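These notes are about the structure you will find just below.
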Amino acid sequence: NAGVTQTPKFRILKIGQSMTLQCTQDMNHNYMYWYRQDPGMGLKLIYYSVGAGITDKGEVPNGYNVSRSTTEDFPLRLELAAPSQTSVYFCASSYHPYLSGTSGSYEQYFGPGTRLTVT
Amino acid sequence: QKEVEQNSGPLSVPEGAIASLNCTYSDRGSQSFFWYRQYSGKSPELIMFIYSNGDKEDGRFTAQLNKASQYVSLLIRDSQPSDSATYLCAVRGINDYKLSFGAGTTVTVRA
Chain A
3 NAGVTQTPKF
13 RILKIGQSMT
23 LQCTQDMNHN
33 YMYWYRQDPG
43 MGLKLIYYSV
53 GAGITDKGEV
63 PNGYNVSRST
73 TEDFPLRLEL
83 AAPSQTSVYF
93 CASSYHPYLS
103 GTSGSYEQYF
113 GPGTRLTVT
Chain B
179 QKEVEQNSGP
189 LSVPEGAIAS
199 LNCTYSDRGS
209 QSFFWYRQYS
219 GKSPELIMFI
229 YSNGDKEDGR
239 FTAQLNKASQ
249 YVSLLIRDSQ
259 PSDSATYLCA
269 VRGINDYKLS
279 FGAGTTVTVR
289 A
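Same order as they appear, the protein sequences are chains A and B.
When the count follows the working numbering, it moves up by one through the first sequence with no breaks and lands on 121 for the last residue.
When the count follows the working numbering, it moves up by one through the second sequence with no breaks and lands on 289 for the last residue.
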């Protein structure tokens with residue numbers, strides 16, 4: 003298994019441009035997440051999905067959009083890029099058996115990240 | 179939004195010593211607690227999780243949880259240069275699948 007893969011690894015955007023960050027997992031996980039990490043900061047949740055066709059906002063969703071048409075893919079769309087979106091973006095996935103409650107680890111597996119610079 | 183606080187460090191320890199990392203959280207209803215290790219330029223990887231009060235040991239790592247005082251700690255025994263990384267504390271609340279992360283503590287193990 004490749005686990006969680008992300009493309010591209012690096013990208014430089016000009017202000018106002020748009021792009022899609024790709025994320026794919028091959029572990030049949032039902033939950034997927036997008037985080038951003040700014041220097042010296044922890045991970046901030048942008049959007050998450052509990053299954054195909056279901057997405058919800060996290061802590062910092064403004065300026066981003068997501069879709070989840072399949073279990074495997076969870077792309078993150080940036081419209082009208084701004085310098086404040088310069089960050090490292092991580093995609094993650096986890097498996098949660100339905101009706102199991104929230105005890106247990108339900109480890110989140112992270113992709114390698116995309117380093118985005120907006121100038 | 180749940181607050182998760184960590185000392186940013188850097189925490190410098192000599193090789194073979196014990197590194198002690200602390201994390202406090204604001205939501206008394208938090209249920210599960212995680213320690214992730216993140217090497218520079220890499221993605222986070224889970225090293226420990228704990229959800230019961232007390233200690234949990236895994237090799238050289240020990241996680242300690244005190245829900246009454248709302249803190250969780252990580253001890254790294256016999257620290258090695260390969261332990262040099264940023265350690266992120268993450269917390270999950272009741273009926274919540276999302277994690278709230280602290281800013282991380284950077285640990286440097288000097289030979």
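For every residue, glycine included, the Cβ atom is placed at its ideal position computed from N, Cα and C.
Since the structure is predicted, the reported quantities are computational estimates derived from the model, not experimental observations.
Rounded to whole angstroms, how far is the Cβ of residue i from the Cβ of residue j, which I believe are closer than 8 angstroms?
{"i": "Val6 (chain A)", "j": "Tyr111 (chain A)", "result": "5 angstroms"}
{"i": "Ala268 (chain B)", "j": "Ser278 (chain B)", "result": "7 angstroms"}
{"i": "Pro85 (chain A)", "j": "Val62 (chain A)", "result": "Actually they do not touch by this definition, with Cβ atoms about 15 angstroms apart."}
{"i": "Arg288 (chain B)", "j": "Glu193 (chain B)", "result": "7 angstroms"}
{"i": "Phe76 (chain A)", "j": "Ser51 (chain A)", "result": "6 angstroms"}
{"i": "Leu118 (chain A)", "j": "Leu15 (chain A)", "result": "7 angstroms"}
Give a yes or no on whether the C-beta atoms belonging to residue i and residue j are separated by under 7 angstroms.
{"i": "Asn200 (chain B)", "j": "Ser251 (chain B)", "result": "yes"}
{"i": "Tyr300 (chain B)", "j": "Gln248 (chain B)", "result": "Because chain B is modelled from 179 through 289, residue 300 (chain B) falls outside the range shown and cannot be assessed."}
{"i": "Phe227 (chain B)", "j": "Phe239 (chain B)", "result": "no"}
{"i": "Arg49 (chain A)", "j": "Gly65 (chain A)", "result": "Contrary to the premise, residue 49 (chain A) reads as Tyr rather than Arg in this sequence. Going by C-beta atoms, Tyr49 (chain A) is not nearer than 7 angstroms to Gly65 (chain A)."}
{"i": "Thr286 (chain B)", "j": "Ser190 (chain B)", "result": "yes"}
{"i": "Gly280 (chain B)", "j": "Val182 (chain B)", "result": "yes"}
{"i": "Pro290 (chain B)", "j": "Thr284 (chain B)", "result": "In this structure chain B extends from 179 to 289, so residue 290 (chain B) is not present and cannot be described."}
{"i": "Asn3 (chain A)", "j": "Asp40 (chain A)", "result": "no"}
{"i": "Leu23 (chain A)", "j": "Lys276 (chain B)", "result": "no"}
{"i": "Ser53 (chain A)", "j": "Asn32 (chain A)", "result": "The sequence shown places Gly at residue 53 (chain A), rather than the Ser named in the question. The answer is yes: Cβ separation under 7 angstroms."}
{"i": "Thr88 (chain A)", "j": "Arg70 (chain A)", "result": "no"}
Which residues of chain B have a Cβ atom closer than 8 angstroms to the Cβ of residue i, listed in chain order?
{"i": "Tyr33 (chain A)", "result": "Tyr275"}
{"i": "Gly60 (chain A)", "result": "Lys276"}
Quick one: list the residues of chain B neighbouring residue i, beta-carbon separation under 9 angstroms, in chain order.
{"i": "Glu109 (chain A)", "result": "Phe212, Leu224 and Phe227"}
{"i": "Pro114 (chain A)", "result": "Lys220 and Ser221"}
Can you say whether residue i is buried or exposed, counting buried as having 16 or more other CB atoms within 10 angstroms of its CB?
{"i": "Tyr35 (chain A)", "result": "buried"}
{"i": "Gly282 (chain B)", "result": "buried"}
{"i": "Leu80 (chain A)", "result": "buried"}
{"i": "Arg38 (chain A)", "result": "buried"}
{"i": "Gly42 (chain A)", "result": "exposed"}
{"i": "Ala246 (chain B)", "result": "exposed"}
{"i": "Thr72 (chain A)", "result": "exposed"}
{"i": "Gly18 (chain A)", "result": "exposed"}
{"i": "Ile225 (chain B)", "result": "buried"}
{"i": "Thr116 (chain A)", "result": "buried"}
{"i": "Gly232 (chain B)", "result": "exposed"}
{"i": "Phe12 (chain A)", "result": "exposed"}
{"i": "Leu78 (chain A)", "result": "buried"}
{"i": "Leu266 (chain B)", "result": "buried"}
{"i": "Ser230 (chain B)", "result": "exposed"}
At 9 angstroms on the CB atoms, spell out the chain A contacts of residue i, in chain order.
{"i": "Leu266 (chain B)", "result": "Gly44 and Leu45"}
What residues of chain E sit near residue i, judged by a beta carbon separation below 8 angstroms?
{"i": "Ser186 (chain B)", "result": "Protein chains in the displayed structure are A and B, and chain E is not among them."}
Does the beta carbon of residue i fall short of 6 angstroms from some heavy atom of the ligand SAM?
{"i": "Tyr33 (chain A)", "result": "Inclusion of the ligand SAM in the displayed structure is not the case, the ligand content being empty and no account of it being possible."}
Residue i touches chain A at which residues, Cβ-Cβ below 8 angstroms?
{"i": "Ala281 (chain B)", "result": "Gly42, Met43 and Gly44"}
List, in order along the chain, the chain B residues whose C-beta lies closer than 7 angstroms to that of residue i?
{"i": "Tyr50 (chain A)", "result": "Lys276"}
Self-check item: Sufficient close CB pairs (3 or more, under 8 angstroms) joining the segment 251-265 of chain B to the segment 202-210 of chain B
Solution: no
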